[in-house]
Every structure is written in structure tokens, then in C-alpha cells.
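To start, the structure under review is shown below, and the notes come after it.
Chains as they are written, first to last, in the working numbering: chain P, 1 to 275; chain E, 1 to 823.
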């Protein structure tokens, strides 16, 4: 078994700019609409509500009027190095595809043991406790045939909208191309974000915007130090947000100050923290 | 073989090892997975031809472009359009979930109906369209025959200026009733403020994209103000690239750490309702330091300096007023904002190249205060940010044709002479064209409802009005209610007759100038799918109803159908020339084009233009160069008026009728003379004993929850946090210090009591809440619709105790005194 997917062709990933993110939740709704995600009458029980893309609300914890809130939009991280869910799946229902870097979920193989759900450090996996969709309300009329609705008793999660990659490839093939260009395959959340906070592309391709953005000193990942190499990156000029990306002991976090990146001089000054 | 311990272990271990070597466990696991998933009721969405239809979202006045993906006849996904000027690619979460509003059958009326159960129970029996028209036209004809057409009233929630609202107004006039009212929104405040200071009833045109300093007084830029697709796109643009080199700074003035406040470069938190005082404090610093635009002030404004009238009386100007009454220290006392902050804020605004101060209250769906608007607009004038790129633009109104004049019969002209129930436009509310709060009171005050038949269009006043449940009580008194809503909302459930509209994805409709947009835009939505049920476009229904009533009412509506009426108005767009019907994302509409360099309209005849509008869904004029100052301001002085002559005239006019003191009191004014004509701060009346109700309740809006007449798509409840809604309880956000004072803990149940009513909520401790204020989310607490929305949380509107804003008479919904009682 190959160790990583460095030798694979593509490695899709995304960078989410937290400063641009407005916390509106359009990504969540777009994701649910795109992927035929179940809707239930009570969705306030967050452990049982299915949100492939979820918003985590964070706060700087300061007193009024210095309080700030922000959000981490959280899809599946598509961990690149021994994804914890893949390691534990007893029925090979989830695997890391070395050609795309996408961690897949094969519903018909899933036996619903929820081991993967327990293993995921990001809470990105959801179990279908109930049948799909409210029955007899006519709401099955908006289901798209591109994504199969899931049945009761299986785990589901974000797929980086891989059906959109299939669609893009089909279109490319129809035009006698074998490769898809940057922007031809993006996830539904990327496309939907009204503030263009999400950038999606191939991390293996140095020409793609994402592979430039991930080198930026303001770019970080969630729980980076557990070593799962998530392919979802975050970006913020605000120190307190970057600090919440991981569990730092007191004094362990070093703020980013006056670092250079490419030709442009970037610094936190006069960033938001000092305004 | 004898069963020994050794044999037993060998057999068990051997057995286990043996099973591992066979494919049996894997086969069984796999089979179990498959068997347990073959539920016959798991839907298999049928496939078919994939197509895409471009249209415009009509769920709010923002009018974002949408592309609807279809599989054969089914719409399967809504996406933002990249070829639409308002929102280059993005839409808001409500628009994103729009298909649920189309397909969730239990949210909708499937055909015309009449009430079968008790009012509010939501039980109806289906009838035919013919029968529905007979019932309604019969009732209206009877009232007209009796000579009381004014007993017909309409509540119209369609945005001002849209063709359907023009037709409804026309129908009311033709029938002979002056009682046409609309739920208020921020655009009503904008229009009045514009009239008084700039002399036109135009919408506000904020050139946000070109500004380098956006000072937002209460606009929920990220909560859904304006066209959300446009504002959030601008937000992304403002934060693009190197943060050290960012062009635009955003400052949010608001009492709560909302998304906008948190994400802005700076957040200033004055007490609710004191935004105007803060703006005047800024004006003080700017005037005192001499950093104002003296050229604009001298050439294009009036009322800045003290002046002497022809009769020889001395008047004070804006400068004197502000210097005397609004020093940072004085303003700090009113607003609670540190004087140093006021000074630094003023400097930031004064030093910017293209600053703009914008005014709002959360989303645009509730009204603001006239004097607050005037204070903020005075700031723009001080910096010359009017008719300048990056400031407030003054584009011509959309050149839609007027419909042919209406000839009313004798019954109607008698009816139209009767006074409006809401007193709008009387000397007491001289600049107001509709006051729904007074309308409600008029019904509630009288023992017998003066309204016999109430028509409700695109509105759910039962739920959306901040009136402490006043409209709900009024509905109970009205003998006959007709709802044109496509949805089973609270107001429709009270109705006796339902003539359901199509949803926005099933009909043609227009959008006239999205709120806050800096260039004129006329949008046209089209049927994305055929109507699913037996519903009809209200535009068509109004025309048909006029015919069913007959007589002179019918002859006022010469159009075959709604589309013809739309075309009749759109004629003016063609005659005016120069409008574009397609959009190139590389030439954003807000980018100033050099004269003669911009894109050209490609049509030659009206029919060609109309075809273009229908397929593209738009007619717009990109931002042009600043306009000539000649005749720009249509005020009595011909200039921008810090001191509004119209207000002075109105007060004088009213004072001649009754005493001056009484006139001022009736108009809600505490200030007198010149001060009353200028932006000033007036503390709202407490309206209750503050020792009994020591806290204030402030409703707040979220972009991911619809709080207007459109229901929230069920998808949106995925985005609500569990400290905003948990099962059937919504949360009040309060500061931990306030909570400690009342010994309240996170999640605890409390009753929020106001003089108008009480609601039960859970407590959410939020550092970003101003101490002393209870923040309740708007959009929860439906008693109608289906299990997705019904019975979740409470509606803060039910406990709002609103005073009246001076001059405009609009409800002051941000000043409800409350107390918290533990359950």
C-alpha cells in the first residue's frame, strides 16, 4: 500500500478565507441541496442532524464591547495521511482515493457500526438514524439523480462533490480533452459562497490558486498536529482565530508577525488585531 | 473424541482461525449491509435531460440572479448566476433553499379555498377559481352598492413600485377605497429622508463597491441588508488580497456583536436608538476640526450656517446645533460610547478619500427612524459624499411608464374622499404614505371593525409586524379576510378565502431597484417550472378580479393578462434608451465606464428589448459619471438641506390649524423651531415604568433565517446553532454580567415580560450582547406552516411595545422595556 498520495495525479483541496467568510450558512444549504441530504422536523439535535458542511461558531471570548465571533466552515477534511476513518472501517466502506485525494464513502458497503464516526477528529461524519426525507410531502421532487439518497443505518459525509468531478470529466471528454482545467471542478459550497471565501483546486498543481494559498503564513489547518494532513486549509489575518485552530498549551502558540510570502510583503500590521 | 479442556480450546481456536480463512465473515458483512439497505421506500430520483433556466430570485427585494438546474420537468438545484449584475455568483441561504418552498406541499395552498374550520385552525375546503371570484366580487360589489367602498382594505407586501403593487393600488382606487397600506421597511425611511433632504422620493443608492470607508449605522451588511448577493460579494472583494494593502475599511455601529460587527474592521456599540446622536457627535468633531468638505457645503447645501429669514428672524444652522449639543462628551452620555472612540471614528471618516455613511436597522425589512437617517445623511453631506463615486449617488428613477390614468365612477370617487384609517398623509404625518400600525389601531380601537373586507397580498402581518400582536387582534375583528398568499402562513390561516398566488419559481414578476443598489435595475423573474398546483399569478388574478367586479372597475384594467401590464410599464424603459439587457462579468455595473466606452444595448425595438429582458431577467444602467449639480436637488432651496424646509412648512401649516404646542406634540416632536427641521437626537419615550421593566428587548435578524412573509426553507434549520434554538425553545442572548445580576445560567428557562406580553425562552450567555439588553432572534415562533417551522421558538414581535417615530409615525420597535422572570 502506498503511504501517501504524492504520486497520485491530483490532490484536491480547499482553502477557506475566514476573513471573507460572513457566517451566512449558504455553503451548508448549498451542500444539503446538492447532495440530497435528509431534512428532519427537529434539526436542533446537532448530533443527529446531517450537515456535511457545518459551521462551528467561535468567539474571541473577550468582554463586551471587544467580543468578536467568527466561524469555521467544516466540510470533511479529506485527511491525506492515514485518515482515521479509513483505518478503522471494518467493511472497507470508506477509502482514500490516491488519484484525487478524496476520502470516499460507499454506502452499500457500510454496515452502520459508526466506528468511523467515533474516529473522526473533526466530527465530519453523520449517521442516518432515520429514513431519508419526509415521506408524502412532495419534497422528493427536488432530489437530484446525480447523488444517491442514503438509506437508514449508514454513515455519510462530504465527498468533495465528486459527482461534479465526474460531470466535469464527462464534459472534458466530450470536448476531446483528457484533463480538466482549474475551476471546471469545484464543490457546491465553493460555488455557492457569496463572498468567494472558498477556493478549491488541485494541491498537486502549482498553477492552481489553492497550492499558492496554502503556502501563506496566515494559512493553517484544524488540529494540524495530530498529523492527519487535512486537505482543507483555513486562512485568517486574525491571531485569535488561528489560535483556535488547534489546542495550544499556554505559550505554545506563536503568532505570525512580519513574515514574507512570495514577492509581497505581508504582515499582521495593520491587521485587524491592531486596528 | 472426549471433550477435554485442550480439545475444546483447540476446536474453538481452530474454528475461529478457520472462519478467518474463509470468505464467510466478509460475505456475511457485505450481505447484511446490502440486505439492510434494500428498503423499497428509499427514493431513486428519476434521471432525464439536464437543463438550466436563468431567472431572478424574488424572495426578498434584493433580486439576485439565479440559475435553476432542472432534470426534465423537475427543478433540482438553485445556484447563483455569474451573468447577473446584482450578485456575481452568490446568493443567500434562503434563496439557496428555495426549492423547498416550491415542493414542500404542506407549506402551500394547492388551489383556491374557503375556510372550513375556526379562524387560525388552517382548515380549508378547495373551491374553483370561478367560485372564488364570485364570492369576492360579490362581496365587493355589495359594499360598493351600499356606498361604503372604503370598508375594503388591502395590505400589500409587494415592494413599492413593482407592477403587481401598482395594479393592486389601482384596483383599490378603482373600487373606491383609500385604505391601501403596506408593511413598513427601511426603504420607507430612505424615501422620506431623501424627500426631505434631497427633494426626491428616490431609493437610496449607496456606492459601496467604490468606497474606501464604509461607516454602517446599524445596517446588517452580513445579516441580509440590501441585496445579500451583492453586499456579500462586495465583502469578499473588500477582503481580497494583502490585508496590509486593503483599500476599504468597514466600521459597524451596532449594540450587538453580530456577524457584521465581528467581521468589520472596527465595531462601535452605542445604546440602541442612539445611532443618530453618535453620527452627530462625529459631525461635531469633523466640523470643529474643519475637516468637512467646505465646497460641497457652500455650493450645494443649505441650512449649514446660521441664517436670517426675509422677515428678519434669526435661525440656527446645522453647524451651531451640532457644535452646541453634540460634543463627544455630550454624545458619550447619550450613547455610552467612549469620547475617544468618537473622535477616532470621526477622524477615520474624515481622512478617507471616498467615505460613505450608510443607515439601516438590521435587514431592510423593518423601518428605521427619520432623524437617525437624517443624521447619517448629514455626515455624507459634510464630507461631500453625495453625487460622488464611493458615496451616495443620485441616479434618475427607473423610467417605467405610467399606466393610463384611471377613471373612477361616482361610488369610487365618494369613497376615495373618506379619510384613510391610518391617517397617513394628514397634517400629523405629512410625509408618510402608509402607516400600518395606525391602521391596526383603528380597527382595534373601534368596537366594530371599520374594515369589512381585508385583502392581504404577499404579506404576513400577523407574524412580521413589530406590534405586540396588535394585527392579530385586528384580524379577529375583521368580518372577511382574503389572502393571496401561496403559503399557509399565519395571516392566511385567519382568512376566509384563499386565492393562492404561484411561488416565485412558477411565475413572471418584476423587481424594481433592489434596496441600496447604486444604479437603476429592473429585474424580471420567469416561470422556471409550470405551476405545480391550481394557483394563479396574483397579477393575473387582480386583473381578472377587476373584470369580475365589472362596471368601471373592470374598464380600468384593459390588459389581457399580467404580462401585458408588465410590458405596458416597460415601454418607458425602451423610450428612455441606454439600458442594458445582458451583463458581462468583466465589466461590473458598479465600475464607472468612461463616456462612450461602456457596453451598448443591442436591441433596436421594444419587442427585441422585451425578449432580452425576458431571457436575461434584467434591464439596468451601469453607474455613470457624477451628474450635473444643476437641478439635482429638488428641495425648496434647490440644494441639499441640512435643515429641511418641508418639515418647517409642515409644522407651520399644522400650527396654523391647531396650536403650535399641540401640533408639535401630535407630530411626536420634543424639539422646536429649527432643531425640529434638522437631524437631532430625541430620547424615545420610555412608555413603561423602568423600575418594573429594567431591561430592554431588541429583536435581531439573521441571514440564515427568514423573518419576513416568506417561510424559511427547512434546510435553514440545519444552520441554526443549538444555542439559538433547541427543540421548541429559542434563546435570548444576554450578557453574562446581566445574567449574573439576575442569577441566570446558560440554558435556563425564563419568561421575558413586557407591557405588551410575554414569551418563554432559554438563556444564552453571550459576551457580545450589550449589558442590560435582551436580544431575541426574529424568524422563530411560527404558529402556522408545517412541522418544520411550526412551534419552534417564540416571535419577539409579540412582545414589542412600539412608540412612534417623530414626524414619520413609524413604530419605534427597538425600545421595548422588559423584565426577566425565572420559570
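Glycine is no exception: its CB is placed at the ideal position from the N, C-alpha and C atoms. Every value quoted in this text rests on a predicted model; they were computed, and no experiment measured them.
Asked                                                                                                                                                                                      : Found
For residue 41 (chain E), count the other beta carbons within 10 Å of its own beta carbon; 16 or more makes it buried, fewer makes it exposed. Which is it?                                : exposed
Pick helix, strand or coil for residue 804 (chain E), following the three-state DSSP scheme.                                                                                               : strand
What is the DSSP secondary structure of residue 697 (chain E), reduced to helix, strand or coil?                                                                                           : strand
Contact criterion: CB-CB distance below 9 angstroms. Does residue 201 (chain P) meet it with respect to chain E?                                                                           : no
Are there 16 or more other CB atoms within 10 angstroms of the CB of residue 208 (chain P), so buried, or fewer, so exposed?                                                               : buried
If we count the other Cβ atoms within 10 Å of its Cβ and call it buried at 16 or more, is residue 46 (chain E) buried or exposed?                                                          : exposed
Only counting the same chain, and skipping five residues up and downstream in sequence, which positions put a Cβ closer than 8 angstroms to that of residue 330 (chain E)?                 : 281
Hey, how far is the Cα of residue 468 (chain E) from the Cα of residue 87 (chain E)?                                                                                                       : 36 angstroms
If you measure from the beta carbon of residue 132 (chain P) to each beta carbon in chain E, is any gap under 9 angstroms?                                                                 : yes
On a CA-only basis, which of P:239, P:244, P:240 and P:219 is nearest residue 232 (chain P)? Give me that one, please.                                                                     : P:219
On the three-pair Cβ rule with 8 angstroms, is the stretch 88-98 of chain P touching the stretch 55-74 of chain P?                                                                         : no
With DSSP as the reference, please indicate the residues paired to residue 206 (chain E) in a beta bridge.                                                                                 : E:392
Please list the residues of the stretch 38-60 of chain P that have a C-beta atom closer than 7 angstroms to any C-beta atom in chain E, keeping them in chain order.                       : 39, 41, 42, 43, 44, 46, 49, 51, 55, 57 and 59
Pull up the DSSP beta-bridge partners for residue 104 (chain P), would you.                                                                                                                : P:95
For residue 809 (chain E), which residues from the same chain have a beta carbon less than 6 angstroms from its beta carbon, with the 5 sequence-adjacent residues on both sides left out? : 429, 432 and 435
Return the first residue and the last residue of the alpha helix (DSSP H) that residue 448 (chain E) is part of.                                                                           : Careful: residue 448 (chain E) lies outside any alpha helix (DSSP H) and carries neither H nor E.
Report the partner residues of residue 202 (chain P) according to the DSSP bridge assignment.                                                                                              : P:12
I need the boundaries of the beta strand (DSSP E) containing residue 904 (chain E), first residue and last residue.                                                                        : With chain E covering 1 to 823 only, the question about residue 904 (chain E) has no answer from this structure.
Going by DSSP, which residues form a beta bridge with residue 775 (chain E)?                                                                                                               : E:698 and E:733
Measure the C-alpha to C-alpha separation of residue 590 (chain E) and residue 518 (chain E) and round it to an integer number of angstroms.                                               : 7 angstroms
Name the DSSP beta bridge partners of residue 70 (chain E), please?                                                                                                                        : E:51 and E:75
Residues of chain P with a CB under 7 angstroms from the CB of residue 715 (chain E): which are they?                                                                                      : 29, 32, 33 and 39
At a CB distance below 9 angstroms, what residues from the stretch 759-772 of chain E approach chain P? Give them in sequence order.                                                       : 766, 767, 768, 769, 770 and 771
Among residues of its own chain, excluding the 5 on either side of residue 304 (chain E), which ones have a beta-carbon nearer than 7 angstroms to its beta-carbon?                        : 297, 317, 318, 319 and 642
Could you tell me whether any Cβ in chain P is nearer than 9 angstroms to the Cβ of residue 703 (chain E)?                                                                                 : yes
Against residue 192 (chain P), what residues of chain E qualify as contacts under a CB-to-CB distance less than 8 angstroms, listed in chain order?                                        : 79, 80, 90, 91 and 96
Could one say the Cβ of residue 37 (chain E) lies closer than 9 angstroms to chain P's Cβ atoms, at least one of them?                                                                     : yes
Compare the C-beta of residue 111 (chain P) with all C-beta atoms of chain E and state if any pair is closer than 9 angstroms.                                                             : yes
Exposed or buried, what is residue 166 (chain P) when buried is set at 16 or more other beta-carbons lying within 10 Å of its beta-carbon?                                                 : exposed
Got a sec, what are the start and stop residues for the beta strand (DSSP E) residue 817 (chain E) sits in?                                                                                : 816-822
When we look at the beta-carbon of residue 377 (chain E) and count the other beta-carbons within 10 Å, is it buried (16 or more) or exposed?                                               : buried
Does the beta carbon of residue 268 (chain P) come closer than 9 angstroms to any beta carbon on chain E?                                                                                  : Residue placement at residue 268 (chain P) is poorly supported in this model, since its pLDDT is 39, which falls under 50; the coordinates are not used for a value here.
Secondary structure at residue 27 (chain P), three-state DSSP: helix, strand or coil?                                                                                                      : helix
Measure the C-alpha to C-alpha separation of residue 476 (chain E) and residue 186 (chain E) and round it to an integer number of angstroms.                                               : 28 angstroms
Measuring CA to CA, which of P:238, P:199, P:200 and P:203 is closest to residue 217 (chain P)?                                                                                            : P:238
Name the chain E residues whose beta carbon is nearer than 7 angstroms to that of residue 63 (chain P)?                                                                                    : 767
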